[in-house]
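Notes follow once the structure below has been shown.
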Amino acid sequence: MTDCTERPTDPRVLRSRAKMLDAATELLAEAGPRAVTVDAVSERSGVAKSTLYRHWDSREGLLVDVMRANIPDITPPSPDLSFDEALRAVVTEVAAVMTTPRWRAILPAMMMLQQHMPELAEIAHDDHEEKKAIFRDVVDRGIAAGRLPAGTDEELVARQLIGPVFFTLLAAHPDDDSAIDLTVEYAIERFLASYPG
Numbered sequence: 001m002t003d004c005t006e007r008p009t010d011p012r013v014l015r016s017r018a019k020m021l022d023a024a025t026e027l028l029a030e031a032g033p034r035a036v037t038v039d040a041v042s043e044r045s046g047v048a049k050s051t052l053y054r055h056w057d058s059r060e061g062l063l064v065d066v067m068r069a070n071i072p073d074i075t076p077p078s079p080d081l082s083f084d085e086a087l088r089a090v091v092t093e094v095a096a097v098m099t100t101p102r103w104r105a106i107l108p109a110m111m112m113l114q115q116h117m118p119e120l121a122e123i124a125h126d127d128h129e130e131k132k133a134i135f136r137d138v139v140d141r142g143i144a145a146g147r148l149p150a151g152t153d154e155e156l157v158a159r160q161l162i163g164p165v166f167f168t169l170l171a172a173h174p175d176d177d178s179a180i181d182l183t184v185e186y187a188i189e190r191f192l193a194s195y196p197g
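First residue of the sequence shown? That's 1 in full-length UniProt numbering, and the numbers climb one at a time after it.
Structure, rendered in structure tokens:
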């Protein structure tokens, strides 16, 4: 068991829970999974350890919720958008999420956390399937419009488009947003040029 109580609804309880999740996220980003201890979270958040244990029965349970809280949401493209527009919207939004200061700070630690805690695999899998479904919708639009061949694999499309953005994110200077913007535009343009329709 990782989360020992039902989700709280009292505003004060929600605030203390949010403070503890924020503190745990900061510690994770700053120094990795080992830094997220009950004592450290309590000290950083200003919330008593006894309160933390009312929300989570263990440090591992807290880390699971840190993972859940930091997985970014991606908005499915509007049904009114064309294939090209939907593709641009999704890739641009993914890149925008990936380049926020919070996500840049937490990403390496999140990857490390998944290696240390196999129980996070299900959360990562569910998120992967959700994002995959969004790309599936975009690919289906491309097939329906005659821009992509039938049977195009949405996961390969996502890798082609997001892979360069991810690499640039790791390699570029944190203040160099132009590198990400150029990579996004290049990846989209080269992909669309590969399927002129």
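Cβ atoms here follow ideal geometry from the backbone N, Cα and C, with glycine treated the same way.
All of these numbers come straight from a predicted model, not from anything done at the bench.
Using CA atoms only, rank isn't needed, just tell me which of 97, 83, 61 and 163 is closest to residue 138.
83
What do you get for residue 131, buried or exposed, if any count of 16 or more other CB atoms within 10 angstroms of its CB means buried?
buried
Comparing alpha-carbon positions, which option in 99, 149, 176 and 85 lies nearest residue 195?
Comparing alpha carbon positions, the residue from 99, 149, 176 and 85 closest to residue 195 is 149.
Can you list, in chain order, the residues of its chain whose CB lies under 6 Å from that of residue 67, leaving out five sequence neighbours each side?
120 and 123
If distances are taken between C-alpha atoms only, which option among 114, 69 and 91 comes closest to residue 102?
69
What does the Cβ neighbour count give for residue 167, buried or exposed, with the cut at 16 atoms within 10 Å?
When all chains shown are included, residue 167 counts as exposed.
Would the region 13-25 and the region 90-101 be scored as touching if the rule is three or more Cβ pairs under 8 Å?
no
Would you tell me roughly how many angstroms separate the C-alpha atoms of residue 184 and residue 171, rounded to the nearest one?
14 Å
Return yes when the Cβ of residue 72 is within less than 8 Å of the Cβ of residue 97, no when it is not.
yes
What is the rounded straight-line gap between the Cα of residue 127 and the Cα of residue 165?
19 Å
Would residue 135 pass as a contact of residue 160 if the rule is Cβ separation under 8 Å?
Taking the C-beta atoms as reference points, residue 160 is found no nearer than 8 Å to residue 135.
Report buried or exposed for residue 182, applying the criterion of at least 16 other Cβ atoms within 10 angstroms of its Cβ.
Counting Cβ neighbours within 10 Å, residue 182 comes out exposed, since fewer than 16 surround it.
Would you say residue 63 and residue 113 are within 8 Å of each other, going by their C-beta atoms?
yes
Please list, in chain order, all residues of the same chain as residue 39 whose beta carbon is under 8 Å from its beta carbon, the five residues on each side excluded.
49
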